[in-house]
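Per the working numbering, residue 14 is the first one in the sequence shown, and the count goes up by one each step. Don't be surprised by glycine CBs; every beta carbon is placed ideally from N, CA and C. Since this is a predicted model, take the numbers as computed values, not measurements.
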Amino acid sequence: MDPTDLRLIEAGFPCHQVGAETGRERDTGKQPPTARLHVWWARRPLTPSRAAILASLLPADANPQAFVRSLGIVRWQALLGDKRWTLTNETITKRLVRDDSDAHLWLLPIDQTVLSAIENERDRREKCRSMIAKLEAAGPNYADDPVVKAWKAEVQELPSIPLEPGNVIQVVKATADPAGVKEKIAFAKRDDIKTLLGAALRWDDEDSYGYSRAFATPTALLPVTERKVVLDPTAGGGSIPFEALRLGHQVIANELNPVASVILKATLDYPARFGIELLDDIVRWGDVLCETVEATMAPFTPFSPIPQDQRAKLEQHLRRRTELVAEYATEHDHMGLLFCRQVTCPHCGGDAPLLNAFWLAKKGEQWAISLQPQADKTVCFEPYALSAAGKTTDTAAIDAGTVNRGVGQCVHCHQAISGDEIKRQARGESEHGRWRDVLYCVVGIRIEPKLDEHGEIERFASGARKGEIKTTKVRYFRAPNETDLRAIEAADAELEARRFEFEMKGLIPNEPFPLGNDMRPVTYGMPTWADLFTPRQLLGHLTVMEALHDAKPKIIAELGEDKGRAVVTYCPAISNPDN
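See the structure below:
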């Protein structure tokens with residue numbers, strides 16, 4: 014091996030740009046589809062995986078700008094005289110066509126939509142220059158700030174050149190600057206900038222970057238003569254071999270963990286072997302399973318009318334269309350059913366819920382829960398929005414909870430409940446009884462019509478849903494009601510009635526919790542894997558597993574052994590290497 018033959022990853026690697034794009038990729042809710050296929054705690058992001066492969070193969074003197082663009086960190090820029098206009102609107106970019114005379118150039122045909130977009134860009138730049146003028150007038154600290162200087166260069170006035178419908182504008186792929194955008198977003202969040210510019214400056218949306226996330230950008234396949242064999246001996250969630258395949262290389266991926274091995278099959282092997290046609294079979298059989306599970310679980314997952322505070326908000330929202338209130342006054346879905354452990358206080362015999370904090374939501378609209386002791390030693394749970402009148406906003410009190418470092422506190426007599434007593438009740442060894450799981454909050458979702466700037470109902474103007482009302486989801490928190498509690502009791506009874514049937518099918522995970530791990534589950538009365546779930550949770554899991562168990566031979570009979578097993582893998586599957 015020639016020690017002078019350095020690779021780009023060893024010299025000149027643009028860490029700042031790759032790192033900034035990686036942080037953007039890992040934003041909650043924006044991860045690549047591969048990351049949502051299955052949970053894997055050591056999953057590598059795709060952008061640096063692609064970067065590591067490319068930089069390991071390219072020589073040290075490779076062009077860093079071209080390298081960054083090859084990662085998908087690239088934006089479309091229209092050439093207007095000596096200025097560049099970054100195209101961020103998909104309505105505009107989908108009009109682009111290749112320039113037959115130059116493979117590096119694209120053309121944007123001019124029509125009325127493009128002309129309107131250019132005028133909007135002129136207006137935007139003028140507003141930006143006005144904000145920059147305010148910053149410069151505020152002092153040299155702002156005028157000389159690198160972010161302000163870069164911003165000023167980006168929003169110079171577009172030249173007045175003749176643009177006629179039917180003509181074209183040249184467009185190039187330019188290197189984007191995620192590190193610079195990251196600095197701009199941090200700049201806009203500064204208190205002094207908010208004071209100077211108010212809400213006018215917004216650098217926290219996708220348009221700030223000027224391109225979609227890099228992982229979503231397709232990569233051209235290599236010529237056969239340039240393909241390499243990429244080996245990943247500990248492939249885990251498969252990000253590195255996945256990107257190697259996308260780059261056109263041959264891949265050998267190895268993994269000992271059985272869960273990660275299944276992920277690799279679903280991420281790499283099956284798509285490469287069966288192609289996009291496999292999707293239709295997955296969707297079709299997935300719909301069959303969903304319908305089966307939803308019908309079976311419907312009695313145990315009821316929805317209720319929305320609570321009064323939410324109905325009041327809905328009525329205010331639809332004050333011009335009151336006839337629609339009844340249509341939207343029922344829960345649309347549940348985001349979560351929140352349970353806590355509850356012990357019996359050894360001092361006063363009261364119910365003692367164990368919550369390490371009273372927070373329900375810190376982001377967006379803030380919610381917390383209040384515990385109200387009752388005369389009969391029970392507890393009433395009352396979720397509330399911190400914005401509600403008369404409710405505490407003392408964050409220290411909300412942080413406190415009723416259990417800290419394993420020691421609880423009774424909400425009735427306020428005496429401490431020792432950790433040893435909590436453990437004894439968890440295992441059913443205490444004279445005060447056994448602890449139990451208590452539903453203390455339902456996270457509900459309601460939907461409401463979207464309104465335009467005039468307060469009128471918005472509808473889809475085209476497509477398959479033309480004429481339908483556009484809606485948005487609203488999250489809220491409410492106390493459990495009798496309907497919820499009866500459903501939990503019914504689920505418990507159903508589980509016990511069907512337990513033997515589930516066991517005969519080998520579906521219940523009755524295996525003991527393995528020694529050598531964190532043994533707190535066993536310490537707190539959960540000696541088997543099945544004990545980790547509430548009865549309704551376990552019933553739901555078993556219902557999914559049973560549906561797939563019963564459908565599996567039908568899927569294989571229809572699609573064949575190999576393709577059928579591929580479809581089964583993408584469904585919530587039972588892991589049994591002997592099947």
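DSSP bridge partner residues for residue i (one or two, in chain order)
i, result
"residue 367", "354"
"residue 417", "420"
"residue 39", "None; residue 39 has no bridge partner."
"residue 395", "383"
"residue 487", "459"
"residue 429", "422"
"residue 111", "119"
"residue 454", "351"
"residue 470", "464"
"residue 72", "20"
Backbone secondary structure at residue i - three-state DSSP
i, result
"residue 183", "strand"
"residue 463", "coil"
"residue 412", "helix"
"residue 200", "helix"
"residue 604", "Because the chain spans 14 through 592 in this model, residue 604 falls outside it and cannot be assessed."
"residue 32", "helix"
"residue 478", "coil"
"residue 348", "strand"
"residue 99", "strand"
"residue 579", "helix"
"residue 343", "strand"
"residue 569", "helix"
"residue 522", "coil"
"residue 22", "helix"
"residue 56", "coil"
"residue 175", "coil"
"residue 405", "coil"
"residue 540", "coil"
"residue 17", "coil"
"residue 284", "helix"
"residue 188", "strand"
"residue 318", "strand"
"residue 270", "coil"
Nearest-angstrom Cβ-Cβ length linking residue i and residue j, presumed shorter than 8 Å
i, j, result
"residue 555", "residue 584", "Residue 555 to residue 584, Cβ: 15 Å. No contact."
"residue 58", "residue 252", "7 Å"
"residue 456", "residue 349", "4 Å"
"residue 55", "residue 250", "7 Å"
"residue 344", "residue 383", "Going by Cβ atoms, the distance from residue 344 to residue 383 rounds to 22 Å, so no, they are not a contact pair."
Limits of the alpha helix (DSSP H) - the one that residue i falls within
i, result
"residue 208", "204-210"
"residue 361", "Residue 361 -> no alpha helix (DSSP H), and no H or E assigned at all."
"residue 323", "321-330"
"residue 142", "125-150"
"residue 513", "495-517"
"residue 378", "Neither: residue 378 is in no alpha helix (DSSP H) and is coded neither H nor E."
"residue 50", "46-50"
"residue 222", "That residue, residue 222, is in no alpha helix (DSSP H); it is neither H nor E in DSSP."
"residue 257", "252-259"
"residue 169", "No alpha helix (DSSP H) contains residue 169, which DSSP labels as neither H nor E."
"residue 297", "290-310"
"residue 81", "77-83"
Bounding residues of the beta strand (DSSP E) (the contiguous stretch that carries residue i)
i, result
"residue 243", "242-245"
"residue 87", "87-93"
"residue 122", "118-122"
"residue 233", "Element bounds for residue 233: n/a, residue is neither H nor E."
"residue 264", "263-266"
"residue 373", "372-374"
Within-7 Å CB hit, residue i to chain D
i, result
"residue 434", "Here there is only one protein chain, and chain D is not present."
Quiz item: Contact between the stretch 529-549 and the stretch 440-456: three or more CB pairs below 8 Å?
Solution: The answer is yes - the stretch 440-456 touches the stretch 529-549, with three or more Cβ pairs under 8 Å.
Exercise. Pair every Cβ in the stretch 77-94 with every Cβ in the stretch 171-188, then say whether three or more of these pairs are closer than 8 Å.
Key: Three or more Cβ pairs drawn from the stretch 77-94 and the stretch 171-188 lie within less than 8 Å of each other, which places the two stretches in contact.
Self-check item: the stretch 495-506 in contact with the stretch 369-377 per 3-pair CB rule at 8 Å
Solution: Contact check between the stretch 495-506 and the stretch 369-377: fewer than three CB pairs, one atom from each, fall below 8 Å, which does not count as touching.
Quiz item: Three or more C-beta pairs closer than 8 Å, one from the stretch 144-159 and one from the stretch 119-129: is that the case here?
Solution: At 8 Å Cβ cutoff, the stretches do not touch.
Quiz item: Would you call the stretch 35-53 and the stretch 270-280 in contact, with 3 or more CB pairs under 8 Å?
Solution: Verdict: yes, contact present.
Exercise. Inspect the CB distances between the stretch 410-430 and the stretch 343-359 and report whether three or more fall short of 8 Å.
Key: Flag = yes, the stretch 410-430 and the stretch 343-359 touch.
Self-check item: Given 8 Å, three or more beta-carbon pairs between the stretch 235-245 and the stretch 254-263
Solution: In short, these stretches touch, since the Cβ pair count reaches three.
Quiz item: Do the stretch 105-113 and the stretch 64-81 meet, that is, are 3 or more Cβ pairs less than 8 Å apart?
Solution: Judged by Cβ distances under 8 Å, the stretch 105-113 makes no contact with the stretch 64-81, as fewer than three pairs qualify.
Quiz prompt | Cβ contact check for the stretch 195-203 and the stretch 126-143: 3 or more pairs under 8 Å | solution = The stretch 195-203, when compared against the stretch 126-143, does not touch it at the 8 Å Cβ threshold.
Quiz item: Given 8 Å as the limit, is there contact between the stretch 487-495 and the stretch 312-326, that is, 3 or more CB pairs closer than that?
Solution: Verdict: yes, contact present.
Quiz item: Taking contact to mean at least 3 C-beta pairs separated by less than 8 Å, is the stretch 575-582 in contact with the stretch 283-290?
Solution: These segments touch.
Exercise. Evaluate contact between the stretch 466-477 and the stretch 507-514, counting only Cβ atoms and requiring at least three cross-stretch pairs below 8 Å.
Key: By the C-beta criterion, the stretch 466-477 is judged not to be in contact with the stretch 507-514, since fewer than 3 inter-stretch pairs fall below 8 Å.
Practice problem: Check whether the stretch 514-532 touches the stretch 373-388, counting contact only when three or more Cβ pairs, one atom from each stretch, lie closer than 8 Å. | Solution: At 8 Å Cβ cutoff, the stretches do not touch.
Exercise. Inspect the CB distances between the stretch 20-36 and the stretch 75-85 and report whether three or more fall short of 8 Å.
Key: Contact between the stretch 20-36 and the stretch 75-85 is present, because at least three Cβ pairs lie under 8 Å.
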